[in-house]
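Enquirer:
In this note's numbering, the protein residues as written are 219 to 645.
(1) So is residue 603 buried or exposed if we call it buried at 16+ other beta carbons inside 10 Å?
(2) Kindly confirm or deny that the segment 384-403 and the segment 287-294 touch, where touching means at least three C-beta pairs closer than 8 Å.
(3) Starting from residue 270, trace the alpha helix (DSSP H) both ways and give me its first and last residue.
(4) Please classify residue 397: does DSSP put it in a helix, a strand, or coil?
(5) How big is the Cα-Cα spacing for residue 279 and residue 441?
(6) Measure how close the beta-carbons of residue 409 and residue 317 come, nearest whole angstrom, since I'm counting them as under 8 Å.
(7) Could I get the ranges of all uninterrupted alpha helix (DSSP H) runs contained in the segment 350-426, with 4 residues as the minimum, in chain order?
(8) So, do the segment 550-562 and the segment 472-482 have three or more beta carbon pairs nearer to each other than 8 Å?
(9) Return helix, strand or coil for residue 288, following the three-state DSSP convention.
(10) Specify whether the segment 419-427 and the segment 322-334 touch according to this definition: at least 3 beta carbon pairs, one from each stretch, less than 8 Å apart.
(11) If we ignore side chains and look at the alpha-carbon of each, how far apart do residue 259 and residue 405 end up?
(12) What residue does the alpha helix (DSSP H) around residue 534 start on, and which one ends it?
(13) Spatial neighbours of residue 261 within its chain, please: C-beta separation below 6 Å, excluding the five flanking residues on both sides.
(14) Please report the straight-line C-alpha distance between residue 477 and residue 360, rounded to a whole angstrom.
(15) In the DSSP assignment, the alpha helix (DSSP H) including residue 309 goes from what residue to what residue?
(16) Measure the C-alpha to C-alpha separation of residue 611 and residue 482 and round it to an integer number of angstroms.
(17) Pairing CB atoms from the segment 448-461 with CB atoms from the segment 616-631, are three or more of them under 8 Å?
(18) Indicate whether residue 588 and residue 549 have their beta-carbon atoms separated by less than 7 Å.
(19) Between residue 542 and residue 489, which are expected to be in contact by the criterion C-beta below 8 Å, what is the C-beta distance as a whole number of angstroms?
(20) Under 7 Å, do residue 507 and residue 517 count as touching if we go by C-beta distance?
(21) Quick one: which unbroken alpha helix (DSSP H) runs of 4-plus residues sit fully inside the segment 468-496? Chain order, please.
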């Protein structure tokens, strides 16, 4: 089963119509904006968590689970979304996904306690996971030979959302006198974005057939295992799992660490998490590197630098300026390098027509561990303190990610064709 929609398989379909350069630019820009809003939506929860926790009396365990548990929804829909795209097409799934997570966000301020808030967070995660799976499948197919660079641009949009979300959310909370206001605003913006995608993004872009032209996939990519479940996807699964535990273990309770342990203010904590988002915009050069150097080596560098940065954050840095700088570096290494190259390396571990399946595997292996990373970190804090939790989950664990890298056989992965003159699937 491939990513090509069934309707397209029996007719020429939308993707047979030519797409102008302006159409590509507008379509890709709208896709990036939609993902930026996705990032803003999910990041607004973290800096508001201390207020939410105080109002409802949540324990640190409950707060940690609410902070990162929504990613379980992202994980569980990864592979089903790849099958849904086969039936409905990627654009339809993309529009539906934005509507779903926006409705989940709308319900969060209506929650009466831990259980229903957890459900609403999970619904948000389902929509966000559907969008990420569809978006990375679109990028991986349309920008086939430069997928890491294109994913880097998407990563910049995500980083911009991570940067803006906490600042805008904290500002709205201050203006409206409570934490609920930002969720209503982001829900409304998300529903507007769904309509914008529907109106402006061409199916010629979203339904592009990966690796079309010039022979069959088996002829051109015979060195890549025919099954999407192979040694390289196993190795990348380990790498993605470690990255998810580290990245969301950090994000989920970092503002709480700053406010409750270091004594920083709400505005300072929001700015620090925004600096992480600014660092995440380094996904663009990280994506470019992913197309030009050995991705296994690049991921190893990402693990080492993430580990070193976490050590400084939780063991040595106590001032706000130091935390701003280190949060930027954490975003650059954990999100810019690791997340971007995990997503594209998993796609390169499967044959081109299975790019959606690769996206689904990435979502599953990255976000299932991420869902429980906040709870794990909270338990470590209770047992070892903030310093001990930072040491084991964010400093030692990244170094263990090299075990997954050792499984990779890059000779059996799709290699970017650096001489390609176009980023579309005409290659």
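Using N, Cα and C, we set each Cβ at its ideal position, and we do this for glycine too. Note that the coordinates shown come from a computational prediction; the quantities given were computed from them, not determined experimentally.
Expert: Working from what's here:
(1) exposed
(2) no
(3) 263-274
(4) coil
(5) 46 Å
(6) 6 Å
(7) 365-394, 399-418, 421-424
(8) no
(9) coil
(10) no
(11) 8 Å
(12) Here residue 534 belongs to no alpha helix (DSSP H), and DSSP marks it neither H nor E.
(13) 380, 383, 384
(14) 44 Å
(15) 308-325
(16) 23 Å
(17) yes
(18) no
(19) 7 Å
(20) no
(21) none
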